[in-house]
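Visitor:
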Ligand code: SF4
Ligand code: SF4
């Protein structure tokens with residue numbers, strides 16, 4: 436193998452690799468703005484200047500191929516001076532507005548100005564003025580004065596999102612970006628440019644000016660918007676989610692996520708229509724002052740009125756593996772019903788060859804593996820709905836799904852039930868019909884696992900505190916326990932929802948039937964799953980880790996994700 440020396444360390448490399456690629460792979464940071472590992476090389480920011488022995492001038496590491504015997508110095512005096520000059524040049528026209536810029540705290544220009552700037556400016560002339568607050572599309576705002584013309588956004592759009600929607604116009608210090616005439620920057624992945632823009636030129640219209648980045652906590656989680664299961668960070672201030680950003684996972688979503696996931700997959704957590712306490716329908720009205728104990732004992736007495744073949748259970752591809760597993764066990768051991776299934780939410784018209792999947796739920800594979808399917812001749816979903824219509828099924832337990840919203844026929848059928856018990860995060864058409872409602876915690880308020888369409892199991896973690904989480908031992912399995920203590924104090928006055936993980940509510944109901952289900956955390960349930968379901972054999976939360984792990988039996992369905 437050929438060898439290149441970078442900062443006195445020798446590294447093997449493959450033919451065709453550039454200096455910055457070899458350095459990045461080996462943990463050596465070469466400052467850069469316009470280079471991105473997934474985009475073509477443009478070489479226009481000049482920030483990655485390095486000194487190469489026997490070469491007369493500094494070279495840019497992003498487009499210079501590594502050669503056998505080459506000796507590279509990233510931090511020689513000559514390379515440092517070169518980068519200082521690049522910084523001085525970039526800062527000539529850049530506004531000094533960090534205190535009011537949304538990017539402050541996560542801006543590469545700001546960071547490099549500290550690390551590689553001279554600390555003073557020789558420029559005393561008037562700075563160039565350019566348009567501010569330009570709406571490029573529904574989600575992205577452009578501030579032309581802050582743009583350093585790195586072209587990352589243009590290349591992302593053309594090469595990853597496959598939508599040529601804008602370009603550079605003008606030259607020299609007047610250069611700026613514009614959408615093509617009659618076009619908007621509105622592709623389904625447009626907000627990724629906000630992440631890769633190295634400065635505050637592109638901002639997220641949904642998030643801008645809502646919070647300073649250092650005032651938020653970030654929690655590693657999974658987007659629930661489709662069966663891709665993009666890895667995300669959930670950003671929270673005062674117990675309220677303010678934004679989602681993609682988290683790098685080469686096997687799932689690479690560096691990206693779609694706009695739908697980013698914009699729509701957290702607002703329901705903060706919404707006013709959250710179910711905030713258990714409810715029982717009395718004289719046609721939902722009464723919310725009943726409390727957990729009354730709702731649970733009402734559920735127990737209600738279920739006892741029916742024979743097992745009059746009861747059906749509908750699990751959920753939105754709920755975690757642990758919720759579905761305990762529901763299946765409850766159906767088997769407490770209700771003795773074989774009528775158990777869930778429904779997939781498929782939209783074949785909304786899928787692409789980048790990330791977006793037709794299955795609009797995060798865990799349909801996990802729900803199936805956890806045991807949510809008809810047992811020994813039991814009724815499947817369609818048969819359950821038929822059974823309700825024909826009044827053979829009289830009691831239905833539904834978790835974390837809105838069956839009544841699927842069709843008018845289903846909605847009409849559900850009113851035939853003698854008893855309808857619903858676990859839900861937010862009000863919906865099914866809760867309107869329910870006799871008993873339990874408030875379920877959302878994906879952002881609990882520990883657990885999802886299995887994506889590839890058969891990859893991934894962890895979610897609580898980012899937002901509920902009243903129950905505040906008290907429960909489940910908080911102890913938070914991966915960010917240290918930080919959590921700090922956040923908790925700050926959340927003292929923030930709104931906390933009176934919701935519980937669905938598995939915890941099922942556990943309380945089961946034990947009111949004199950069962951001895953004995954789990955304190957979702958991890959306890961998962962350990963039982965790993966001992967009883969072969970696909971999960973030998974797994975635990977630690978092994979699943981931050982990036983998930985492929986279930987053994989599903990290796991073959993993994994497919995390349997990005998073109
Ligand atoms: S807007 Fe940002 S990503 Fe686009 S060219 Fe300017 S600095 Fe680069
Ligand atoms: S592709 Fe799916 S999982 Fe990924 S961000 Fe979009 S909705 Fe969420």
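Residue numbers (this note's numbering): 436 to 998.
Positions of the beta carbon are idealized from the N, C-alpha and C atoms, including for glycine.
#1: In angstroms with no decimal places, state the Cα-to-Cα distance between residue 898 and residue 702.
#2: Under a three-way DSSP split, which group does residue 681 fall into?
#3: Say whether the stretch 651-659 touches the stretch 669-677, bearing in mind that this needs 3 or more beta-carbon pairs closer than 8 Å, one atom from each stretch.
#4: Does the Cβ of residue 658 lie closer than 7 Å to at least one heavy atom of ligand 2?
#5: Taking only three categories from DSSP, how would you classify residue 668?
#6: Exposed or buried, what is residue 836 when buried is set at 16 or more other beta-carbons lying within 10 Å of its beta-carbon?
#7: For residue 466, I'd like the list of residues in its chain whose CB is within less than 7 Å of its CB, leaving aside the five on either flank, ordered along the chain.
#8: Tell me whether the beta-carbon of residue 814 lies closer than 8 Å to the beta-carbon of residue 859.
#9: Taking a contact to mean a Cβ-Cβ separation below 8 Å, would you say residue 749 touches residue 852 in this structure?
#10: Starting from the C-beta of residue 474, find all residues in its chain whose C-beta is less than 7 Å away, skip the five residues before and the five after it, and write them out in chain order.
#11: Under a Cβ-count criterion, where at least 16 other Cβ atoms within 10 Å of its own Cβ denotes burial, should residue 842 be classed as buried or exposed?
#12: Between the stretch 538-546 and the stretch 635-645, can you find at least three pairs of beta-carbon atoms closer than 8 Å?
#13: Whole beta strand (DSSP E) runs in the stretch 564-606 with 3 or more residues, listed along the chain?
#14: Hey, out of 884, 439 and 720, whose CA is closest to residue 460's CA?
#15: Report yes or no: do the stretch 872-886 and the stretch 762-774 share at least 3 C-beta pairs separated by less than 8 Å?
#16: When every heavy atom of ligand 1 is checked, does at least one fall within less than 7 Å of the C-beta of residue 506?
#17: Assign residue 514 to buried or exposed, taking buried as 16 or more other Cβ atoms, counted over all protein chains shown, within 10 Å of its Cβ.
#18: When every heavy atom of ligand 2 is checked, does at least one fall within less than 7 Å of the C-beta of residue 790?
#19: Once DSSP output is grouped into helix, strand and coil, what is the label at residue 893?
#20: With a threshold of 16 other CB atoms inside 10 Å of the CB of residue 485, please say whether the residue is buried or exposed.
#21: Quick one: is the Cβ of residue 632 within less than 7 Å of any heavy atom of ligand 1?
#22: Which word fits residue 549, buried or exposed, when buried means at least 16 other C-beta atoms lie within 10 angstroms of its C-beta?
#23: Within 10 angstroms of the Cβ of residue 443, are there 16 or more other Cβ atoms? Answer buried if so, exposed if not.
#24: Write down the C-beta distance between residue 800 and residue 890 rounded to the nearest angstrom, noting that I regard them as a contact closer than 8 Å.
#25: Looking at the structure shown, is residue 779 part of a helix, part of a strand, or coil, going by DSSP?
#26: Can you tell me whether residue 980 is buried or exposed? The criterion is at least 16 other CB atoms within 10 Å of its CB, across all chains shown.
#27: Between the stretch 708-726 and the stretch 863-879, can you find at least three pairs of beta-carbon atoms closer than 8 Å?
#28: Only counting the same chain, and skipping five residues up and downstream in sequence, which positions put a Cβ closer than 6 Å to that of residue 988?
#29: Cβ-heavy atom distance between residue 688 and ligand 2 below 7 Å?
#30: Can you tell me which of the three DSSP states residue 709 falls into?
#31: If you draw a straight line from the alpha carbon of residue 844 to that of residue 601, how long is it in whole angstroms?
#32: Would you call the stretch 723-738 and the stretch 774-789 in contact, with 3 or more CB pairs under 8 Å?
#33: Going by alpha carbons, who is nearest to residue 621 out of 564, 647 and 694?
#34: Look up residue 960 in the DSSP assignment and say whether it is helix, strand or coil.
#35: Consult DSSP for residue 455 and reduce its assignment to one of helix, strand or coil.
#36: My parser needs the alpha helix (DSSP H) runs of 4 or more residues fully inside the stretch 535-559; what are they?
Guide: Taking the structure as given:
#1: 14 Å
#2: strand
#3: yes
#4: yes
#5: strand
#6: buried
#7: 482, 483, 518, 547 and 551
#8: no
#9: no
#10: 587, 590, 591 and 594
#11: exposed
#12: yes
#13: 575-577 and 601-604
#14: 439
#15: no
#16: no
#17: buried
#18: yes
#19: strand
#20: buried
#21: yes
#22: exposed
#23: exposed
#24: 6 Å
#25: coil
#26: exposed
#27: yes
#28: 970
#29: yes
#30: strand
#31: 46 Å
#32: no
#33: 694
#34: helix
#35: helix
#36: 543-551
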